[in-house]
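Line by line, the protein sequences are chains G and Y.
Position one of the first sequence corresponds to residue 102 (this note's numbering), numbered consecutively onward.
Position one of the second sequence corresponds to residue 102 (this note's numbering), numbered consecutively onward.
For every residue, glycine included, the Cβ atom is placed at its ideal position computed from N, Cα and C.
Number of protein chains: 2
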Amino acid sequence: MTEGHRSGCPINLSLEVLGDRWSLIVIRDIIFGNRRHFRDLMTHSQEGIASNILATRLKTLLDEGIITRADDPTHKQKGIYSLTEKGIELLPVLAQLSAWGYKYLPVTEELGIRAKLLADGGPKLWAEFMDELREMHLGIKRKSKGPSVFAKLQAAYEAVVAKQKKK
Amino acid sequence: MTEGHRSGCPINLSLEVLGDRWSLIVIRDIIFGNRRHFRDLMTHSQEGIASNILATRLKTLLDEGIITRADDPTHKQKGIYSLTEKGIELLPVLAQLSAWGYKYLPVTEELGIRAKLLADGGPKLWAEFMDELREMHLGIKRKSKGPSVFAKLQAAYEAVVAKQKKK
DNA sequence: TCCAACTGCTTGCATATTGCAACTGGTTGG
DNA sequence: CCAACCAGTTGCAATATGCAAGCAGTTGGA
């Protein structure tokens with residue numbers, strides 16, 4: 102039942118899967134940056150993840166059923182990584198974690214804006230975003246209600262960056 | 102501003118503090134098990150944390166202002182660890198993480214019951230619990246509304262354990 | 001008064017993980 | 001045909017983890 106696990110506690114089991122400095126960073130970039138390829142995740146990472154670490158993380162996320170990998174029809178070597186429902190439901194975890202970080206840690210303005218919008222929007226906004234993720238990653242159509250949460254978060258980020266450049 | 106940090110992203114900064122296999126386990130035991138002493142945290146841990154690891158984690162949690170340490174008047178060597186407001190506000194993070202683990206990982210019944218109750222109760226229950234934690238750790242009185250969330254979670258856990266023994 | 005048990009840790013050492021940089025084998029488009 | 005791009009792999013040094021034992025002090029009971 103609990104073979105190989107330290108305990109059957111849900112928090113512990115979650116930490117055994119996600120409790121390191123990189124796994125949730127990868128999930129974050131897939132969700133908020135819509136990065137779907139290996140190179141994309143590696144080179145556009147704010148934190149500069151090393152290729153071997155990215156490779157091992159993607160492997161364990163695959164093994165855990167948090168993401169899937171499909172061949173990209175446009176390029177024989179490219180793989181497309183997608184979130185599963187299990188992966189999509191990590192959004193509330195990321196949202197709470199980012200809300201806490203936003204409140205208590207030295208967040209930069211441009212990288213904090215998404216956290217602020219997510220925290221202000223609350224669970225209702227998260228659910229809407231998760232529906233968009235289901236469309237993007239699982240192909241499940243949703244009733245579109247105007248501009249997507251994804252687009253709004255992205256636009257807010259870019260607006261802050263543009264404002265900073267003017268200074 | 103961001104000295105020594107990989108990036109100013111709130112998720113990243115949170116992971117730099119909490120992103121390992123043990124930090125949130127310690128917070129969990131303080132919150133849900135009300136373990137306040139070193140030995141208490143060490144010997145009653147479900148996962149069997151080693152003393153050196155516990156010591157380094159407590160030190161970084163102190164440095165980060167997530168917990169505080171006070172001398173125990175009943176024993177010159179004992180220290181009492183308490184949560185700060187910053188630590189108490191990790192409850193929603195733990196709640197989301199445990200909800201995810203409860204849904205997707207091989208949780209045992211007795212250790213999953215708290216996750217279930219927390220998930221069912223939602224943010225309103227979490228807020229109530231956080232008020233109790235403020236009373237227990239910060240000495241901030243609250244208007245008591247009958248049995249505490251802490252007690253209810255503990256009772257539910259013990260009921261499951263008792264039921265299992267009968268079998 | 002003495003001693004066993006308990007207190008919060010520290011130390012030494014083996015093993016595992018991380019992080020960096022270079023490299024591999026293959027694909028693609030011009 | 002070749003430079004640029006693709007998803008990783010490999011080797012190696014530095015760091016972190018995990019285990020067991022030990023330490024200096026405190027406490028409570030006989």
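S199/G and S152/Y have their alpha carbons spaced roughly 30 angstroms apart. By the neighbour-count criterion, in which a residue is buried when 16 or more other Cβ atoms sit within 10 angstroms of its Cβ, H238/Y is buried. In the displayed model, R243/Y falls within coil according to three-state DSSP, outside both helix and strand.
A contact between stretches requires three or more CB pairs, one per stretch, nearer than 8 angstroms, and the stretch 174 to 191 of chain Y meets this requirement with the stretch 219 to 238 of chain Y.
The shortest C-alpha to C-alpha distance from I168/G to any of V262/G, K177/G, K267/G, E190/G is the one to E190/G. With 16 or more other Cβ atoms inside 10 Å of its own Cβ, S146/Y counts as buried. Taking 8 angstroms as the cut-off, the beta carbon of I128/Y is found no closer than this to the beta carbon of I150/Y. With respect to the 8 angstroms criterion, R122/Y and G202/G are not classified as neighbours on the basis of their beta carbons. Interface flag for Q265/Y against chain G is unset, since no Cβ pair is found closer than 8 angstroms.
Between the alpha carbons of M143/Y and S115/G lies a distance of about 20 angstroms.
Of all residues in the stretch 124 to 138 of chain Y, only L125, I126, R129 place a beta-carbon less than 8 angstroms from a beta-carbon of chain G. In the DSSP assignment, G134/Y falls within the alpha helix (DSSP H) that extends over 124 to 134. Per the DSSP secondary-structure output, D172/G pairs in a beta bridge with G180/G.
Its chain contains H106, R107 as the residues whose beta carbon lies nearer than 8 angstroms to that of E117/Y, once the 5 sequence neighbours on both sides are disregarded; these appear in chain order. Counting only Cβ-Cβ distances below 7 angstroms, I189/G has no contacts in chain Y at all, with the closest Cβ about 11 angstroms away. Interface residue (Cβ-Cβ distance to chain Y less than 8 angstroms): V194/G is classified as such. The DSSP-derived three-state label of V208/Y is coil. Under a criterion of Cβ atoms nearer than 7 angstroms, no residue of chain Y is adjacent to Y258/G; the nearest Cβ is some 11 angstroms distant. By the criterion of a C-beta distance shorter than 7 angstroms, E148/Y is surrounded in its chain by I126, once the five residues flanking it on both sides are discounted. Nearest CB-CB separation between R122/Y and chain G: below the 8 angstroms threshold. For the options K204/G, H138/G, L192/G, the alpha carbon positioned closest to that of H176/G is the one of H138/G. Taking 8 angstroms as the threshold, the shortest C-beta distance from L239/G to chain Y does not fall below it. Within chain Y, the residues R122 have their CB atoms less than 8 angstroms from the CB of E117/G, given in chain order. Look at the stretch 208 to 242 of chain G: the residues with a C-beta under 7 angstroms from a C-beta of chain Y are V208, T209, L212, G213, A216.
Interface criterion not met: the Cβ of Q255/G is under 8 angstroms from no Cβ in chain Y.
Annotated three-state conformation of P224/Y is helix, per DSSP.
Close to chain Y, meaning a Cβ-Cβ distance shorter than 8 angstroms, are the following residues of the stretch 138 to 161 of chain G: Q147, E148, G149. When DSSP states are grouped into helix, strand and coil, G149/G belongs to the coil group. Taking the Cβ atoms as the reference, P193/G lies roughly 18 angstroms from G213/Y, outside the contact range of under 8 angstroms. The three-state secondary structure of K160/G, taken from DSSP, is helix.
Counted as a single uninterrupted DSSP element, the alpha helix (DSSP H) harbouring L116/Y occupies residues 111 to 119.
Closest by C-alpha distance to G109/Y, out of K268/G, N135/G, F230/G, E210/G, is E210/G. One Cα belongs to F230/G, the other to P174/Y, and the distance between them is close to 51 angstroms. The C-beta separation of A196/G from L162/G comes to about 19 angstroms, leaving the pair out of contact by the 8 angstroms criterion. Residues of chain Y with a Cβ closer than 7 angstroms to the Cβ of Q197/G are, in chain order, P193, V194, Q197.
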